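Counting in UniProt numbering, the sequence shown runs from 1 upward without gaps. Quick reminder that beta carbons are idealized off the backbone N, C-alpha and C, glycines included. Predicted model, so just to flag it, every value in this text is computed and none were measured.
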Amino acid sequence: MSCAFGSASKSWMKKGEKKSAGEWVLESGRAVKLTGARVTQDETLVGAVVCVKKKGMKEAWCLATSLKEATAAFVVGLYGKRFRTEETFRDMKDLRFGMGLSWMRVRSADRRDRLLLVSALACALLTLLGTAGESLGMERYLKANTAKTRTYSLFRQGCEYYQAIPMMPEDQLLPLMERFADLLREQPVFQEVFGPI
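Quick look at the structure:
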């Protein structure tokens, strides 16, 4: 398990060298792993602390983890996955750019769980649709001509393509649907769920 804490938090090594977590961050961008570190004012012992600020990151990541045998790169990668999951939930909750789940009011836990399952499936399908469109070069219709990198997430692209389907010219729609079907067949979970249909 890994969790982040502020770069102003105190972090200690076994040798007793006391610094704020942000002071352990190297300017080179290389991750620093402190095994057997103590964090916060309570001096709570954790398996390890990883501090990193790679090029392009707005803020340094100072990650406490129970995985003391794991490499710094593995811990950073694991936290990156968690961060993407958080972004997915944000997309699902957003009314304008997502599915608007923050506006839903559900009284029972069972209904909430079913709603989250349907939303997760829709999110996965829209992400695959975005992947299909991007593989066909359709993302160039969604971004400024000067942009060299992806400006919309695959999920957001999928939402845009889905909204455009009713009015999309057939010469664009057919390749998009064929590529989407190919990607769908490549996903084992969708094969298992939708295979009999």
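Checklist entry - Which class does Arg30 belong to by DSSP, given the choice of helix, strand or coil? => result Position 30 of the sequence shown, counted from the start, is the residue given in the question as residue 30. Note: Arg30 maps to coil in three-state DSSP.
Next on the checklist: If you reduce the DSSP assignment to three classes, tell me which class Pro93 lands in.
Outcome noted: Sequence index remark: in the sequence shown, residue 93 carries index 93 (1-based). The sequence given here places Lys at residue 93; Pro does not occur at that position. Three-state result, Lys93: helix.
Next on the checklist: What does the alpha-carbon distance come out to for the pair Lys14 and Gly56?
Outcome noted: Here residue 14 refers to the residue found at position 14 of the sequence shown. Here residue 56 refers to the residue found at position 56 of the sequence shown. The predicted model places Lys14 with a pLDDT of 48, which falls under 50 and marks its position as unreliable, so this point remains unresolved.
Checklist entry - Secondary structure at Ser20, three-state DSSP: helix, strand or coil? => result Here residue 20 refers to the residue found at position 20 when the sequence shown is read from its first residue. The answer is strand: DSSP assigns Ser20 an E or B state.
Item to check | Spatial distance of Ser2 from Lys93 (CA atoms) | outcome: Here residue 2 refers to the residue found at position 2 of the sequence shown. Here residue 93 refers to the residue found at position 93 of the sequence shown. Low confidence applies here, because Ser2 scores a pLDDT of 48, under 50, leaving its location unreliable; read the following figure in that light. Taking the straight line from one Cα to the other gives about 24 Å.
Checklist entry - When the Cα of Ala48 is compared with those of Glu27, Gln41, Phe74, which residue comes out closest? => result Your numbering for residue 48 matches position 48 in the sequence shown. The residue with the shortest Cα to Cα distance from Ala48 is Phe74.
Checklist entry - Which term fits Ala60, buried or exposed, when burial requires 16 or more other beta carbons within 10 angstroms of its beta carbon? => result Here residue 60 corresponds to residue number 60 of the sequence shown, with the count starting at 1. That one is buried.
Checklist entry - Given that a residue counts as buried once 16 or more other Cβ atoms are within 10 Å of its Cβ, and exposed if not, what is residue 201? => result This structure leaves residue 201 out entirely; the chain is present only between 1 and 197.
Item to check | Residue range of the alpha helix (DSSP H) that includes Ala164 | outcome: Walking along the sequence shown from the start, residue 164 turns up at place 164. Taken as a continuous stretch (DSSP letters only), the alpha helix (DSSP H) holding Ala164 covers 154 to 164.
Next on the checklist: Closest to Val32 by C-alpha separation, out of Glu43, Arg90, Cys51, Gly22, would be which residue?
Outcome noted: Position 32 of the sequence shown, counting from 1, holds the residue named residue 32. Measuring from the Cα of Val32, the nearest candidate turns out to be Cys51.
Checklist entry - Would you say Glu160 and Leu142 are within 8 Å of each other, going by their C-beta atoms? => result Here the question's residue 160 lines up with position 160 in the sequence shown. Here the question's residue 142 lines up with position 142 in the sequence shown. Contact flag set, yes.
Item to check | Beta-ladder partner(s) of residue 214, from DSSP | outcome: Residue 214 falls outside the range modelled here, since the chain spans only 1 to 197, and no answer is possible.
Checklist entry - Hey, how far is the Cα of Gly100 from the Cα of Leu125? => result Mapped onto the sequence shown, residue 100 falls at position 100. Mapped onto the sequence shown, residue 125 falls at position 125. If you take the alpha carbons of Gly100 and Leu125, they lie about 17 Å apart.
Checklist entry - Taking all protein chains shown into account, do 16 or more other C-beta atoms lie within 10 angstroms of the C-beta of Arg179, making it buried, or fewer, making it exposed? => result Counted from its first residue, the sequence shown places residue 179 at position 179. Arg179 is buried by the Cβ-count criterion.
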